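Everything in the sequence shown is counted per the numbering used here, starting at 1186 for the first residue and increasing by one. Comments concern the structure below.
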Amino acid sequence: MKKVLLGLALSALTLMPFSTLSAHCQMPCGIYHDDLVWGGLYQDVETIEKAYSEMIANQGSTSLERNQFVRWVDLKDHAADEITRQVSTYFIQQRIKPDDSKLETKLLAAYDIMHLAMVAKQTVDPAITTKLKNKIDAFQSLMKK
């Protein structure tokens, strides 16, 4: 199972641009700002929530409303992409070590977040943001252990 999960993580990384993967890491070794990253993840979820509420309230009967609707969709999708980017480039590439005794659990938790971020792009369902927050909470607890 560990080989399958490691294979999935490595497969996900091959989809990233070479410039992202060519360096050992994106910041000097040993300098981590977990609180900043967690805050960013939660802020992105809040952005998705706000976009959902605006999209539900504004169906776009005028050209201005349609324009705003499209802008909320774009913002929602960008926030979801940012969640996926942070989980993959910060946690999977830097914080989760191959020799970690909880490697499988942590990779599955990271995958769950990235999967829900993808689902958030495909739907306008406020329940998704609740699930996403819960998964981020669980992942944060797991990463602190």
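Ideal placement from N, C-alpha and C gives every residue a C-beta, glycine not left out. Since we're looking at a predicted model, the values are computed, not measured.
Proximity to residue i [Cα-Cα], best of the options
i	options	result
Lys-1306	Tyr-1217, Ala-1236 and Gln-1325	Ala-1236
Ile-1298	Asp-1262, Gly-1245 and Val-1272	Val-1272
Glu-1239	Lys-1329, Glu-1289, Trp-1257 and Asp-1219	Trp-1257
Val-1309	Glu-1289, Leu-1260 and Arg-1280	Leu-1260
Tyr-1296	Leu-1317, Ser-1248 and Gln-1228	Leu-1317
Leu-1221	Asp-1285, Asn-1319, Tyr-1275 and Asn-1243	Tyr-1275
Thr-1315	Asp-1285, Ile-1277 and Glu-1231	Glu-1231
CB of residue i within 8 Å of CB of residue j, strictly
i	j	result
Ala-1294	Phe-1254	no
Ile-1313	Leu-1226	no
Leu-1327	Lys-1287	yes
Met-1303	Ala-1265	yes
Leu-1234	Pro-1311	In the sequence under discussion, the amino acid at residue 1234 is Glu, which differs from the Leu named in the question. In contact: Glu-1234 and Pro-1311 (Cβ atoms closer than 8 Å).
Asp-1229	Glu-1289	no
Arg-1270	Tyr-1217	no
Asp-1284	Lys-1291	no
Unbroken alpha helix (DSSP H) run spanning residue i, endpoints
i	result
Ile-1313	1311-1329
Gln-1279	No alpha helix (DSSP H) contains Gln-1279, which DSSP labels as neither H nor E.
Asp-1297	1288-1307
Length at least 4, wholly inside the segment 1218-1258: the alpha helix (DSSP H) runs in chain order:
As for any alpha helix (DSSP H) of minimum length 4 sitting wholly inside the segment 1218-1258, the runs are 1219-1242, ordered along the chain.
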